[in-house]
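Engineer: Position 464, counted from 1, in the sequence shown is what UniProt numbering calls 464; the numbers after and before it change by one each time, with no gaps. Structure in structure tokens, see below.
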Amino acid sequence: MNPPHEWRRRREAQMSRNANERTGAATDRNKTTAMTLLRLLLLLLVHILLPFHVFTLTTCPRQCICHEHSIACSCETAEKSELIISSLGSTYITSLVVHSCDKVTVANGSFAGVVLVERLSFIAIGHLYFEPFSFKDILQSPRQLVIDECTIPSLAPVAFAGLSHIDHLWFRNSRIDVIATEAFHYLTNIDYIYFHKTKIGRVERRAFSKMYQIDHLYFKDSIEIDFIETEAFSGSQVDELIFDGARIREAHDTFLLNIDSADTVLKNCTVHLVARREENVLEIEKDQELIDRCLIESSSFNVLSPYKLGCVVLEVTSSTLDKLGPLAVKPNTSEPSITTSLNSIIFSNCSIGSIDSFSFHNYTLSILHFNHSSIESIQPNAIDKSKIHSLAFSGTNLKNIGKHSVENSKISKFDFESMDIGAMESEWLTNCTVGSLRIFGSKIEEIEKNTFGNCEIDKCQVDGNRIMMMDSAAFHGNNQISSLSITGNDLSTSSPSPSLLPPNPSHHPTTFLLANNTLDCSPDDCSTNSFLLNSPKHSDILFQIAANRCRPPVHSPCVEPRTLTLEENGITCRISSLIADCACVASTSSLPPRFLTQYASISIVIIGDCEHLVLDQNSADFSQIYIFRTAKLMLYNLPKTLKVLKVFHSTISLLRSGKLSRSKKPQSWQISHSKIDTIDSESLTFLNLDSLSLDHSRIAYIPPKSTRNSSIQRLIIDHCHVESTQALFEISASLRMEHSLVFSSPRGLGTIASAQLQNNTLLECCRQPYVDYRNPMGLDAIEVDPRCGLHFYGSRCYTLEEVGDEKMWNLPIKSATVTMAGCVYFSMMVLCFVISFILSL
């Protein structure tokens with residue numbers, strides 16, 4: 001331990017060092033403060049002395065009056081009414097006013113070396129000329145530059161180059177005959193450029209180009225412009241560009257293209273757009289500048305082609321547009337797209353003459369909406385080869401939707417809401433893919449036949465409409481609608497008791513809902529009325545009919561289905577237009593091919609209560625088959641047009657006979673409360689299943705190659721007993737498996753992209769192989785754990801398959817998975833241990 005005096009000595013030394021460090025830091029801070037004060041003092045001296053010493057105005061320009069640091073020049077008392085401002089020298093000026101001259105010329109470099117602090121004004125000048133680089137090498141630009149009551153025959157290129165950090169640049173009550181190309185080139189850091197009550201003859205291409213950090217550019221109040229050429233503002237940075245109360249007699253439809261702007265507004269304007277001349281071809285830059293938001297409000301346009309404005313978002317409100325469409329040289333021809341950055345277009349409270357052909361050609365949009373507007377017509381190919389996420393017409397009066405008006409396009413969501421529509425022509429929607437189409441709360445005067453033409457619609461909903469006249473074949477045509485819902489409508493049809501769906505079952509929707517509609521009925525069409533007015537007895541089928549009614553005066557039409565008995569096939573059926581509800585009346589039954597020939601319109605077959613049913617319907621055109629309570633179902637071939645197969649409470653044998661023929665369209669299969677006891681080696685080949693749902697069922701062993709060339713998008717297994725998994729798992733994209741028992745270790749799970757497994761039990765029912773000398777081939781035999789018989793009675797572990805010259809055995813997998821016997825033994829041991837522990841207490 002150190003003595004006390006040593007400790008005190010070290011403590012004093014440490015305190016001394018800390019004091020020196022604090023003193024040094026304070027000295028440094030004092031030096032820094034002193035240098036800062038010195039710099040401020042020098043700047044202040046410069047600011048005070050420069051006006052009096054460095055930039056003192058040595059001579060007053062001719063025809064001018066100089067007072068201290070302000071200059072006023074005029075031609076009122078001069079012999080000549082012309083003034084040339086050539087050079088002011090190195091001068092400090094607070095304000096310079098030039099007024100009342102017939103002609104004033106600002107020469108090149110006139111303001112070189114000048115500090116112009118407050119204001120530069122040109123007032124009442126008959127002919128005002130700015131030569132190129134008039135403000136070259138100006139040391140400080142004025143806070144305000146005002147041109148008032150002047151006429152500028154031609155605003156020369158780079159006339160304002162060199163000006164920067166100006167609060168206001170005003171053009172008031174003036175006329176400019178020509179704003180030449182690059183007139184405003186290199187104008188930077190301007191708060192406001194303001195054209196007020198000014199007439200402009202011609203704005204040449206790129207006249208306002210290469211301006212940087214411009215906060216506001218206004219053309220406001222009684223602005224008249226004779227012509228604006230293409231890309232007038234190209235390459236400029238303008239936060240806000242506003243035309244308010246402007247009349248533009250002619251402008252190229254691309255006059256706003258390639259400007260970097262947050263907001264561009266045309267308000268209370270009248271604009272007449274024209275096409276570019278053929279020789280005036282656009283050279284589109286690779287990195288094109290864009291307008292974040294374009295707003296057209298309370299304005300009038302002869303035509304508007306949205307993509308040529310160069311906007312990301314376009315909003316048009318309370319405006320009149322003679323038409324939407326391209327200004328091509330040849331009529332009804334499209335133009336190449338200029339920008340792919342246009343994202344959203346919204347029209348609100350607008351009057352639109354027509355949406356012309358190729359108005360929206362090759363567009364990619366998130367939103368295209370027409371709200372509370374009036375549209376005369378939509379022409380053929382108005383929307384063509386486009387991808388639109390949301391296309392909507394809401395609260396709009398639309399007189400006519402022409403044939404092929406929407407064609408070759410992909411639309412995720414397509415809505416008509418609260419509309420007043422004159423006519424929907426035949427095939428107005430053609431060769432399109434639509435995710436969701438909704439027509440609701442609207443009044444429609446006429447819907448022609450084959451309304452949806454050759455298109456694919458995932459979900460179509462027609463709800464709450466008043467349709468004055470709909471062709472009975474409105475939903476006919478070569479279309480594919482997955483889900484069709486017609487609810488709450490007042491339908492007047494061209495013929496009474498329409499079946500609504502096309503005659504070819506292959507074009508019928510998978511899901512169909514017809515409910516709460518008022519229809520025109522034929523009193524004596526029993527079969528069709530039975531389909532339209534009776535609710536199906538089976539809740540599991542995907543066609544649901546409910547609460548439809550006939551239009552008065554028809555009150556009690558015939559609704560009895562037609563009865564058909566095929567004794568040679570052991571079935572009897574009740575035919576309700578598209579639906580055949582059948583029952584077996586013999587020990588062995590079948591559906592013969594002639595069943596389809598006689599009743600070609602039948603789309604859905606329901607059959608049940610059979611002892612032995614054979615289905616071999618390769619040549620039939622049924623879209624859906626439902627089977628109930630069948631003791632032995634021999635399933636050979638299904639129709640190529642089949643979309644849905646559902647089997648309930650049955651025992652199934654999946655077999656194969658004759659030449660293989662499968663549908664190329666996705667199918668949906670459901671096996672519920674059933675048993676698949678036999679699966680043939682080719683019974684599941686060449687299948688294209690959108691979904692396979694197995695619930696409360698037992699699935700027999702599936703041969704490894706029985707599912708070759710097949711695919712399943714969604715495999716759902718719920719409360720099932722599954723003997724083998726590999727053949728199914730290997731062809732499935734996604735799996736959801738719950739509350740199920742698996743006979744042996746699951747194979748093929750690693751090939752599934754998305755799998756959800758919950759509350760499943762894995763039983764290792766196959767014991768390890770041993771040599772069975774009773775087997776003449778001398779092969780290993782595999783025993784089934786006898787305790788598995790409770791869940792898999794009759795199952796076996798050993799199978800031998802011949803595949804060419806190769807012999808394959810289905811052997812158990814050695815894994816760390818706990819077997820059922822091990823689980824039971826382990827559980828008993830734990831239970832005994834717990835009981836012994838409790839008793840010892």
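We put the CB at the ideal spot given by N, CA and C, even for glycine.
#1: Helix, strand or coil for His507? Go by DSSP, reduced to three states.
#2: Report all residues from its chain with a CB closer than 6 Å to the CB of Phe122; omit the five preceding and five following residues, and keep chain order.
#3: Between Trp170 and Glu182, what straight-line distance do the alpha-carbon atoms span, to the nearest angstrom?
#4: Output the distance between the C-alpha atoms of Trp669 and Leu694, rounded to the nearest integer angstrom.
#5: Tell me the DSSP secondary structure of Glu567 in three-state form.
#6: Cβ of residue 843 within 8 Å of Cβ of His216?
#7: Rounded to whole angstroms, what's the CA-CA distance from Pro509 to Ser530? Just pull it up for me.
#8: For Pro552, is the classification buried or exposed, using 16 other Cβ atoms within 10 angstroms of its Cβ as the cut-off for buried?
#9: From the DSSP output, in three-state form, read off Cys150 for me.
#10: Does the separation of the CB atoms of Ala180 and Pro157 fall below 8 Å?
#11: Could you give the distance in angstroms between the alpha-carbon of Ser348 and the alpha-carbon of Val316?
#12: What number of angstroms, rounded off, separates the C-alpha of His612 from the C-alpha of Ser619?
#13: Which residues mark the beginning and the end of the alpha helix (DSSP H) in which Asn529 is found?
#14: On the CB-based measure, 16 or more other CB atoms within 10 Å of its CB, does Met468 come out buried or exposed?
#15: Do you know how far the Cα of Val605 is from the Cα of Gln617?
#16: Short of 7 Å in beta carbon distance, which residues of its chain neighbour Pro380, apart from the five on each side in sequence? Order them along the chain.
#17: Roughly how many angstroms separate the alpha carbons of Leu638 and Ser494, rounded to a whole number?
#18: Please list the terminal residues of the continuous beta strand (DSSP E) segment that includes Leu654.
#19: Nearest by alpha-carbon distance to Leu437: which of Glu445, Lys449 and Val462 is it?
#20: Please report the residue range of the beta strand (DSSP E) in which Ala631 lies.
#21: Under three-state DSSP, which class holds Ala755?
#22: Who are the Cβ neighbours of Thr563 in its own chain at under 8 Å, not counting the five residues just before and after it?
#23: Assuming Ser724 and Tyr701 form a contact by the criterion Cβ under 8 Å, report the distance between their Cβ atoms to the nearest whole angstrom.
#24: So, is Ser453 buried or exposed, given that buried needs 16 or more other C-beta atoms within 10 angstroms?
#25: Can you grab the Cα-Cα spacing for the pair Thr94 / Tyr194, in whole Å?
#26: From the DSSP output, which residues share a beta bridge with Trp669?
#27: Apart from the five residues just before and just after Leu684, which ones in its own chain have a Cβ nearer than 7 Å to its Cβ?
#28: In the structure shown, what three-state DSSP assignment does Leu728 receive?
#29: CB-CB under 7 Å to Gly235, same chain, minus the five flanking residues each way: which ones, in chain order?
#30: Are the CB atoms of Ser697 and Lys675 within a distance shorter than 8 Å?
#31: Between Asn450 and the rest of its own chain, which residues show a CB-CB distance below 6 Å, the 5 nearest in sequence each way excluded?
#32: Figure out for me which residue from Ser650, Ser590 and Thr396 has the closest Cα to the Cα of Tyr636.
#33: What does a CB cutoff of less than 7 Å around Asn189 pick up in its chain, not counting 5 residues either side in sequence?
#34: What are the start and end residues of the beta strand (DSSP E) that includes Leu169?
#35: Starting from the N-terminal side, write out each stretch of the beta strand (DSSP E) that is 3 residues or longer and does not extend beyond the stretch 182-212.
Structural biologist: Let me spell this out:
#1: helix
#2: Val98, Leu128, Ile147 and Cys150
#3: 18 Å
#4: 8 Å
#5: helix
#6: Absent from the model: residue 843. The displayed extent of the chain is 1 to 841, so no value can be given.
#7: 19 Å
#8: exposed
#9: coil
#10: yes
#11: 6 Å
#12: 21 Å
#13: Cys526 to Leu533
#14: exposed
#15: 11 Å
#16: Ser357, Gly402, Lys403, His404 and Ser405
#17: 36 Å
#18: Val644 to Leu654
#19: Val462
#20: Gln624 to Asn637
#21: strand
#22: Thr572, Cys573, Arg574 and Ile575
#23: 5 Å
#24: Residue identity check: residue 453 is Gly in the sequence provided, not Ser. Buried, by the Cβ-count rule.
#25: 22 Å
#26: Leu645 and Leu692
#27: Leu654, Ser706, Thr707 and Ser710
#28: helix
#29: Ser209, Lys210, Asn258 and Glu289
#30: yes
#31: Ser426, Glu427, His476 and Gly477
#32: Ser590
#33: Ser164, His165 and Gln213
#34: Ser164 to Arg172
#35: 188-196 and 199-203
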